[in-house]
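J.: Residue numbers (my numbering): 161 to 428.
The following block contains the structure, expressed as structure tokens.
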Amino acid sequence: MKNTILLSMLCILFSCSSMSLPGVHEPSDAEINEQAAKAYLEVKAKSKLSTNKEWNDIVQRVAKRIAIASGENFQWETVLIDSPEVNAWCMPGGKMAVYTGIMPVLKTEAALAAVMGHEVAHATLRHGKQRYARAISGNIIGMAVGGAAIIGGQLLCKTQTCKTLTSLGGAAAGFAVTFFDRKFSRGDESAADKTGQIYMAQAGYDPTEAPRLWDRMSASHNGAAPPEFMSTHPSDETRKAGLNSWMTEANSVYKLAPHQYGLGENIK
Ligand SMILES: [Zn+2]
């Protein structure tokens, strides 16, 4: 048992994605979503939520449209967190957050749809499922990581959200480490880009905004920790080439979508 914990912790630390552990079964969606919902409650309790009505309205309507476009039957929920972090995420099961720090970079509602489409796609495509098996199996790893986090949380976590959640230990700590400090494979990132762009178009937003957004994002994060969708392997050029190569398909989805909002409102 001790070895299993150690091995799993090493695996969490070094992200060995394909390794399976004896006696650790692949969790069901319901098990993962339950753990995600717990972590989400903690995030909400420990975060300052934004009172900016204009931004909240935009975030809520884009979240709703992307959720419908995805066709997933998740327990959707979205909050706008008042924080300078340039960040946004969607947990397995549809719990989302957008950070106010990203809003000025987005500039348009359609760009927010591109980001949320990408994050939602990671959730609907069940990316990283293997990792959650280690994190939530009987909460053993959660407790192990939680205990270790109290001693060395700063070492385990790269993001502020991860640090906040793991500093108190608890059942959601293991999930927090695997979710907030996650790195998806290059293939997963491409798939999330492609599916996200389709969601964006189906939700009624002009998909040509996606590659333009990536230009603005790469110009904005000089030196700071980049958000999830900027932090992995595909180079900006590879990513834009992908988005442009799927544009014909995305455009035909956009033209057939129930509504066409273009770029939506400007975000100021
Ligand atoms: Zn991503």
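Even glycine gets a Cβ: it sits at the ideal position worked out from N, Cα and C.
Bear in mind that the values here come from a model prediction, so they are computed numbers and not experimental data.
Please go through the same chain and pick out, in chain order, the residues whose beta-carbon is closer than 8 Å to the beta-carbon of residue 243, but skip the five residues on each side of it.
T.: As a first step, residue 243 must be located in the sequence shown, where it is residue number 83. Excluding positions up to five away in sequence, the list reads 207, 208, 259, 260, 261 and 320.
J.: Would you say residue 263 lies against chain B (beta-carbon separation less than 7 Å)?
T.: Any reference to chain B falls outside this structure, which holds one protein chain only.
J.: What is the rounded straight-line gap between the Cα of residue 404 and the Cα of residue 371?
T.: Here residue 404 is taken as the residue at index 244 of the sequence shown, counted from 1. Here residue 371 is taken as the residue at index 211 of the sequence shown, counted from 1. The straight-line gap from Cα to Cα measures roughly 7 Å.
J.: Would you call the CB atoms of residue 269 and residue 218 closer than 7 Å?
T.: Position 109 of the sequence shown, counted from the first residue, corresponds to residue 269. Position 58 of the sequence shown, counted from the first residue, corresponds to residue 218. For residue 269 and residue 218, yes; Cβs fall inside 7 Å.
J.: Under three-state DSSP, which class holds residue 258?
T.: As a position in the sequence shown, residue 258 is number 98, starting the count at 1. Looking at residue 258 - three-state DSSP - the assignment turns out to be strand.
J.: Looking at C-alpha atoms only, which residue of 263, 399 and 375 is the closest neighbour of residue 216?
T.: Within the sequence shown, the letter at position 56 stands for residue 216. The shortest C-alpha separation from residue 216 is found at 263.
J.: Out of curiosity, what's the CA-to-CA distance linking residue 401 and residue 360?
T.: In the sequence shown, counting from the first residue as 1, residue 401 sits at position 241. In the sequence shown, counting from the first residue as 1, residue 360 sits at position 200. Each residue's alpha carbon lies about 18 Å from the other.
J.: Which term fits residue 278, buried or exposed, when burial requires 16 or more other beta carbons within 10 angstroms of its beta carbon?
T.: The residue given as residue 278 occupies position 118 in the sequence shown. With 16 or more other Cβ atoms within 10 Å, it is buried.
J.: Any idea what DSSP makes of residue 246, helix, strand or coil?
T.: As a working note, residue 246 is residue 86 in the sequence shown. Coil, per DSSP.
J.: Please indicate yes or no: does the CB of residue 245 lie closer than 6 Å to some heavy atom of ligand 3?
T.: For the structure depicted, ligand 3 is absent and the ligand set comprises only ligand 1.
J.: Go to residue 408, then tell me how far its alpha helix (DSSP H) extends in each direction, as first and last residue.
T.: On the sequence shown, position 248 is the one that residue 408 refers to. Residues 407-416.
J.: How do the region 193-204 and the region 225-233 stand: do at least 3 beta-carbon pairs fall below 8 Å, yes or no?
T.: Output reads no: the region 225-233 does not touch the region 193-204.
J.: Return the CA-CA distance between residue 380 and residue 248, expressed in angstroms with no decimal places.
T.: The residue you call residue 380 lines up with position 220 of the sequence shown. The residue you call residue 248 lines up with position 88 of the sequence shown. Roughly 15 Å separates the two Cα atoms.
J.: Please go through the same chain and pick out, in chain order, the residues whose beta-carbon is closer than 6 Å to the beta-carbon of residue 420, but skip the five residues on each side of it.
T.: On the sequence shown, residue 420 is found 260 positions in, with the first residue counted as 1. Excluding residues within five positions, the ones whose Cβ falls inside 6 Å are 364.
J.: Out of 355, 334 and 378, which has the shortest C-alpha to C-alpha gap to residue 367?
T.: If you number the sequence shown from 1, residue 367 lands on position 207. When only C-alpha atoms are compared, the closest one is 355.
J.: Would you tell me roughly how many angstroms separate the C-alpha atoms of residue 344 and residue 424, rounded to the nearest one?
T.: As a working mapping, residue 344 is identified with position 184 in the sequence shown. As a working mapping, residue 424 is identified with position 264 in the sequence shown. So the alpha carbons of these two residues sit roughly 30 Å apart.
J.: For ligand 1, is there any heavy atom lying closer than 6 Å to the beta carbon of residue 273?
T.: Along the sequence shown, read from residue 1 onward, the residue named residue 273 stands at position 113. Not under cutoff, so the answer is no.
J.: Any idea what DSSP makes of residue 421, helix, strand or coil?
T.: Within the sequence shown, the letter at position 261 stands for residue 421. Coil.
J.: What distance in whole Å lies between the Cβ atoms of residue 196 and residue 252, which are believed to be in contact at a cut-off of 8 Å?
T.: On the sequence shown, position 92 is the one that residue 252 refers to. On the sequence shown, position 36 is the one that residue 196 refers to. About 5 Å; that satisfies the 8 Å criterion.
J.: Reducing DSSP to helix, strand and coil, say where residue 268 ends up.
T.: To locate residue 268, count along the sequence shown from 1; it is residue 108. Three-state DSSP puts residue 268 in a strand.
J.: Taking only runs that begin and end inside the region 346-380, name each unbroken alpha helix (DSSP H) of 4 or more residues, in chain order.
T.: Listed in chain order, they are 346-362 and 369-380.
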